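Sequential numbering from 4 applies to the sequence shown in our numbering.
This report concerns only the one structure given below.
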Amino acid sequence: MLGTGVHERLTVEDIEPVPHAKSWPGTIARMLLRPAWKGSFPPALDSTPAWMWETYGKWLFARTGLFAAHGQVDSFARYRENLMGELGRWSDANPSAAIVQFAMRLDQEQGKNPVLRMSAGDLRNYFETMARLAARSNRASVSSDSPVIPFARDGRRLRVAILLPALDGSVGALAAMPLCTQLDPERFETIVYLECSTDTPWERQCRQITGNLSLLSADHSGRLIELSSASLDVIVFAVDLSLASGGISRLAQHRLAPLQVITGGQNWATSGRATIDLFVAGALTEIGESQHEFRERVGIVPGPARAFDDALVPAAGGTLTRAEAGLPESDILLAAAADWTEILPGTMNEWAQLLAAAPGTSLLLQCAGKDPANSDNSFCAAFDRVLGEHGVDGKRLIISPTPLPNDGDLQALLSLADLMLDAQPSLDERAALLALKAGVPVVTIEGGPYRSRRVAALLRSLGLEELVAQTTSGYAAIALRLIGRADERIALSGRIRAMMAAGPAALDPLAAGDAFGDLIELAFDQIVDRGNIGFVAAKSPLMVPPDSVAIANRLQAGMEALLREEYYMAAAEARAALRSEPPRASARALLGRALLGIGIAGRAADYLLASVDAPGATGADWRDLALAFERSGRIPEAIQALEASLRLDPACAAAWVRMIDFAERGGAIELARDGLEMLTKIQSDHPEIAALTIRLSASSGATEHAEVVLSAAERHS
C-alpha cells in the first residue's frame, strides 16, 4: 500500500474519520485506509505488539510526497512534530530502550522530509527535538557543555573553515562560493573542506583562489581529530542541516571552534543545535519578524538572503525557440520551475484559475528536482483534476518532467516565457534569478516564515516591489494585469534586463564575501567577550553597526591619502565605506587602488573589476584594472582590460604603450604591432616608439615590417 502511493488518492475526499483502533486488527485496518498523518494522532508505537513494529513503524514514519488537498501539508507538519515530540519523550525516559532505538532507526532510514519546508508553521520545536535525538543516536563525544576557548583577534587573521559536501554546481554550493573565494585574505585564513572531490569548474576555481582546499577524512572520528587540531576560530557548515544526515551534519553536533555558523544560503530553518551559534540571513528577508524561528543568534547582512557567483555557470547549448521546444507560439506563455512536491494543491488551484481567467495563455511547468518514482503520473493526474474543475483544456498545460542538465539550459527555456509564476509557498530563488537574467518578470507571494521570503527579497533587491504580493488574490491580480498589458510587460522586461546587467546584489559575490566577513569578525569578538551562551542569548539580531562618518567623507579622506601615497590609510577609509555599503563602486575602486599601492595585486584586481562593472567606469579605471591583472600575472585579462580602456579613451598614448608591452609578453606579436601603429598615429614623437619597434622586430623577425614602421615614425617626426 505504501509503495503504490494509494494513500494519497484516498485523501482526495475528506471522508469520515476512521474510528479509533482499540486492538491490532483495527490498527491494521486503519493503516490500509489512511496515511498515518491523516486524522487524529495514531496510537503510540510502545502500545503496539512487538511483532507489528516493523510494518507499523514504516507506516508511522513514511515519507510523503504529493498532497491531494489544500492544507494537508500543514496537517502533515503538525503530525510530524507530534510524532517526533513523542519520540523525544520516550528517549528522555529511557534512551536505550529497544523501541526508542528502533524508532530512531526508522526515522533515519526514511530520511529528512523536505515537504516540511512548505508548511506555514514554526518548525523550531521540531528541529530542536531532531537535534537532541540525533546527538543521542550518534553518542556525540563533544557537546555544547565542552566549549572551545576563543583567543582575541588582536590584529591577527581569523582561521575560518568552510565545510560542504562538494563544489558540484548545486544551488547550495553556488551560494557557498562567495564564502569560499571572497573572504579578505588579509583578515581571514580560509580553509575549504569537502567530503568528496568532483573536479568541477567551481572546485578548480576555489582551489586556485584559496590555495587551501582539503578533503575530509573518510570516517567520523578522523574528521573530529582533523578539525579539532586545526586551531580554527570559525566553522561555517555550508550544508542544509535540516535535511542532511550523517557526514557534515553529524560534525555539527560537536563543538569544534569558538564560533560555529550556518547561513541562509544553505539552510531554510534553524538547525536546532546548541552547538551552532549564528544563523546568517539577508536584511531584505525582514527576519526581524521571525526571530523566534531560530535557536541560534540571527545575524543580518545587507541585501537578499544569498548571493551567487555566476561567472562559471554553464551557458546554454545554443539559442532556443518556442517551436523547437514544442511550445505554442501565439499564446502568452506562463512558466514555473519546481520540484513536483513543491507544487501544492492550493498552487495548482491558483494557476488553474489564472488560465481560466486568461483564455489566450498556456502554462509550462519544468521539473527542477529529483522526484520519487512514479511521481510524474501522480502529479499530472492531480493537476488534470484541478484543471477539469475550472473548465480549462488540459492542452494548455505543458509539463516537462525531465530536469535540464544545467542552469544555462534552464535559463534558455525560461527565456521563452512572458511571465514566471513562483510556487506558493515560495522556496528557492535560483530559478527566479535565471528568469530575471533573461528579462522575464517573476510574480511571487511573500510568505510568513523566513524560508518562504527568498524570492520576495530578490525582487526587492532589484527594486521590483510591484511583483511581490501579500495574498493569493494580490498574486492573481499582478499576474492578470501583466498578462493583459503587453506594453507594461515589455517595458518591465527591459527594466529588468538593465538592472541585471548592472550587477545586482544577488550576483555580487565580492559584496557578499565582504559583508559576511565583517559580520563574523563582529560575532567572534562578542563570543570572546560574552561566551557562547551569552552571545546566543542576546535578543537583538547581530548587525554591523552603521559608520558614524558619512560615506562621502570616507571616500574623500581615502582619495587624499591615496594621493599622498598613504596606501594603508586609504585602504582603511575604503573598507569603512564598504562596511556601510558593500556594493559601492567608488569605494571598491579606492580600495583596489590602495591595495595596488600596497602590493596586493590579486585582491586589488577583485575590487577594481567589481568597480568597472558599475555604470560610469572610465578609461583610467580600466587601466588601473589592467595594471592589477598584469602584476598578478594575468596577462590575457590585462590585455582585455586595456582594450576596454582604449575603447573609452582611444587617444591615451600611455595605454597604447602598456598594451604593446602586455601583448608582447603574452606572445601576441601581431596585436603588439597593431598597437605600435596606433601609437605612431596618435603621438608620432613618443620617445618609446624607436625602442618598441626594434624590440618587436627582434621578437618577430619581421625586419621589413619594422623598417616600414620606423620610416613612418621618422616621416611623422
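No residue lacks a Cβ here, since even glycine has one placed at the ideal position from N, Cα and C.
Because the structure is a prediction, the values reported are computed rather than measured.
Asked: May I have the straight-line CA-CA distance separating D125 from L330, to the nearest angstrom?; Found: 40 Å
Asked: Pick out whichever of A515, A72, G397, L262 has its Cα sitting closest to the Cα of L366.; Found: G397
Asked: How is R488 classed by DSSP in three states: helix, strand or coil?; Found: coil
Asked: Tell me which residue opens and which closes the alpha helix (DSSP H) that V174 is part of.; Found: 174-184
Asked: From I251 to S224, what distance separates their C-alpha atoms?; Found: 12 Å
Asked: If we count Cβ pairs, one from each stretch, closer than 8 Å, do we get three or more for the stretch 547-564 versus the stretch 152-169?; Found: no
Asked: Would you report the Cα separation of L254 and R226, rounded to the nearest angstrom?; Found: 8 Å
Asked: Where does E192 sit, in a helix, a strand or coil, going by DSSP?; Found: strand
Asked: Can you give me the start and stop residues for the alpha helix (DSSP H) that V458 sits inside?; Found: 457-464
Asked: Put I402 into one of helix, strand or coil per three-state DSSP.; Found: strand
Asked: Is the stretch 258-272 touching the stretch 194-203 in the sense that three or more CB pairs, one from each, lie closer than 8 Å?; Found: no
Asked: How about I499 and G442: do their beta carbons lie closer than 9 Å?; Found: yes
Asked: Taking A540 as part of the alpha helix (DSSP H), name the residues at either end of that continuous run.; Found: 512-540
Asked: When the Cα of T184 is compared with those of R650, S173, V163, A577, which residue comes out closest?; Found: V163
Asked: Quick check on DSSP: helix, strand or coil for R300?; Found: strand
Asked: Counting only runs that start and end within the stretch 408-479, where is the beta strand (DSSP E) found for 3 or more residues in a row?; Found: 422-424, 445-448
Asked: Please classify A376 as buried or exposed, where buried requires at least 16 other C-beta atoms within 10 Å of its C-beta.; Found: With a pLDDT of only 43 at A376, under the threshold of 50, the placement of this residue in the model should not be trusted, and no figure is reported.
Asked: Give the range of the beta strand (DSSP E) segment to which C370 is assigned.; Found: 364-370
Asked: How would you call K440, buried or exposed, if buried means at least 16 neighbouring beta carbons within 10 angstroms?; Found: buried
Asked: Cutting at 7 Å between CB atoms, please list the residues of its own chain near L416, excluding the five before and the five after it.; Found: L323, A328, Q369, L407
Asked: Compute the Euclidean distance between the alpha carbons of L5 and L246, then round it to the nearest angstrom.; Found: 22 Å
Asked: Whole angstroms are fine: how far does the CA of F105 sit from the CA of R81?; Found: 22 Å
Asked: Rounding to the nearest angstrom, what Cα-Cα distance links A308 and A631 in this structure?; Found: 31 Å
Asked: Given a cut-off of 9 Å on the beta-carbon distance, is the pair G622 and L611 in contact?; Found: no
Asked: Would you call the CB atoms of A541 and Q529 closer than 9 Å?; Found: yes
Asked: Three or more beta-carbon pairs under 8 Å between the stretch 48-67 and the stretch 25-38, yes or no?; Found: yes
Asked: How is V1 classed by DSSP in three states: helix, strand or coil?; Found: Because the chain in this structure spans residues 4 to 720, residue 1 falls outside the shown range and cannot be described.
Asked: Given a cut-off of 9 Å, decide if T475 and A459 are closer than it, judged by their beta-carbon atoms.; Found: no
Asked: Is the CB-CB distance between S648 and G605 below 9 Å?; Found: no
Asked: So, helix, strand or coil for V660, using DSSP?; Found: helix
Asked: I think L259 touches I238, with their Cβ atoms under 8 Å apart; what is that distance to the nearest whole Å?; Found: 6 Å
Asked: From which residue to which residue does the alpha helix (DSSP H) around F632 run?; Found: 622-634
Asked: Since F79 is in the alpha helix (DSSP H), which residue starts that stretch and which ends it?; Found: 75-96
Asked: Shortest alpha-carbon distance to E189 belongs to which of R637, A608, L598, R388?; Found: L598
Asked: Out of curiosity, what's the CA-to-CA distance linking D312 and G394?; Found: 44 Å
Asked: Decide if the stretch 415-435 is in contact with the stretch 450-469; the criterion is three or more beta carbon pairs, one per stretch, under 8 Å apart.; Found: yes
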